[in-house]
Ligand SMILES: NC(=O)C1=CN([C@@H]2O[C@H](COP(=O)(O)OP(=O)(O)OC[C@H]3O[C@@H](n4cnc5c(N)ncnc54)[C@H](OP(=O)(O)O)[C@@H]3O)[C@@H](O)[C@H]2O)[C@@H](O)CC1
Ligand SMILES: Nc1ncnc2c1ncn2[C@@H]1O[C@H](COP(=O)(O)OP(=O)(O)OP(=O)(O)O)[C@@H](O)[C@H]1O
Ligand SMILES: [Mg+2]
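Numbering (UniProt numbering), first residue to last: 1 to 342.
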């Protein structure tokens, strides 16, 4: 009896010593790997994978073309034809049924020639741009505004009209790239619109911050900054891209640290905004019951960030330094299955 007590005491002492020694480093490794913070434990991370799985449409033979997503991309001008292509093809590869591009006239033949899968409308620089896009709005589930749009004043004025018409129809908006340039000029355009997601990179985030809050961004508190910007915009969802993606709707901040790679070729943000198209449509269709009370837009954003980074990781394993966004797009199917299909 006494011998057993000694053994138990010794074992307990050993365990305490091991926890004291290895506990903090272990916690720190976990913290770095999963970016733990008060609102997001390892368990939460697993829950978020499950929530994304919950919103992905079930495979069935009963659906018709269009039900899994009809997505529009507003962008494409003389300089930039790659960005709208990347966004629109990513939406299709993730699982949307139809992908439209509304671009400037001279960009259209170029974008069409990249892919027969895309429906391309050369309307964005015409006098009737808003009316032309408005004709299609009743059929579109999500509009992605900005990849390769450029900063021409006339074009941006047309896009302003398109954003207003979309809001009037309650269409979810993903705003990226030069769409964020427009929002930085006119934040009121998106203020308080609950179906908007903004996806700024570091530079775009600073511009929005300057326009909405003023002064420089506090680089010591990324989470606080993204939360504050979202709140100042009336709880619009903000995805701040970077080494870690931070996502906030002004109430919660989620982090996405899925392993990517060191390769930072242009176009990865376009893959992200494009894949958000179908994810947003699915999340809103699934509703809060399937997202377990979490905001559907947060679940969609976390899913799209995780997917983009996984594509980057897989493409880099194969192509290393020569990895391009086209290589990442080729990985969408396999990455999606690995992450979200059980
Ligand atoms: N193939 C195509 O067609 C593609 C077209 N694209 C389209 O290009 C358009 C403009 O988009 P954008 O991203 O270049 O504009 P913006 O954010 O103003 O950056 C300008 C400058 O800011 C800096 N900078 C950027 N990020 C930073 C960071 N993390 N940390 C620090 N600095 C950073 C950097 O400055 P630099 O280092 O050059 O001085 C950068 O050059 C837009 O329509 C977009 O869709 C792209 O989608 C790519 C593929
Ligand atoms: N330092 C990093 N480490 C890992 N992933 C990153 C890093 N920076 C950005 N990313 C990832 O790359 C993707 C695109 O982010 P990025 O900041 O490059 O956008 P962007 O500048 O808008 O890209 P684009 O060239 O398409 O305009 C995001 O999914 C983000 O998670
Ligand atoms: Mg970008």
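For each residue, glycine too, the CB sits at the ideal point set by N, CA and C.
query                                                                                                : result
Extent of the continuous alpha helix (DSSP H) to which residue 326 belongs                           : 325–330
Cβ contact (3+ pairs, closer than 8 Å) linking the region 287–305 and the region 185–192             : no
Beta strand (DSSP E) segments (min. 3 residues) lying fully within the region 193–253                : 196–198, 237–240, 245–248
Host alpha helix (DSSP H) of residue 70 (start-end)                                                  : Counting along the chain, residue 70 falls outside any alpha helix (DSSP H), though it belongs to the beta strand (DSSP E) covering 70–74.
Cross-strand partners of residue 102 (DSSP beta bridge)                                              : 74, 121
Inter-residue spacing [alpha-carbon to alpha-carbon] between residue 31 and residue 126              : Confidence at residue 31 is low in this model, with a pLDDT of 40, below 50, so the placement of that residue is unreliable and no value is reported for it.
Those residues which DSSP pairs with residue 256 across a bridge                                     : 245
Pairwise C-alpha distance: residue 85 and residue 343                                                : The requested residue 343 does not occur in the structure, where the chain is confined to residues 1 to 342.
Counterpart residues of residue 143 in DSSP-defined beta bridges                                     : 72, 173
Segment limits, alpha helix (DSSP H) that includes residue 295                                       : Note, residue 295: premise wrong, no alpha helix (DSSP H); not H, not E.
Assigned secondary structure, residue 95 (DSSP; H/G/I helix, E/B strand, else coil)                  : coil
Cβ-heavy atom distance, residue 86 to ligand 1, below 8 Å                                            : yes
Per-residue burial, residue 90 [other beta carbons within 10 Å of its own, 16 or more giving buried] : buried
Whole-angstrom distance between residue 318 and residue 131, CA atom to CA atom                      : 45 Å
Selected residue, minimal CA-CA separation from residue 311, among 115, 277, 240, 268                : 268
Cβ shell of residue 234 (< 6 Å), same chain only, five flanking positions each side left out         : 191, 192
Alpha-carbon spacing of residue 159 relative to residue 211, whole angstroms                         : 19 Å
Proximity test, residue 326 beta-carbon vs ligand 1 heavy atom, cut-off 8 Å                          : no
Cβ-heavy atom distance, residue 202 to ligand 1, below 8 Å                                           : yes
Same chain only: Cβ atoms within 8 Å of residue 213, ignoring 5 sequence neighbours per side         : 228, 229, 232
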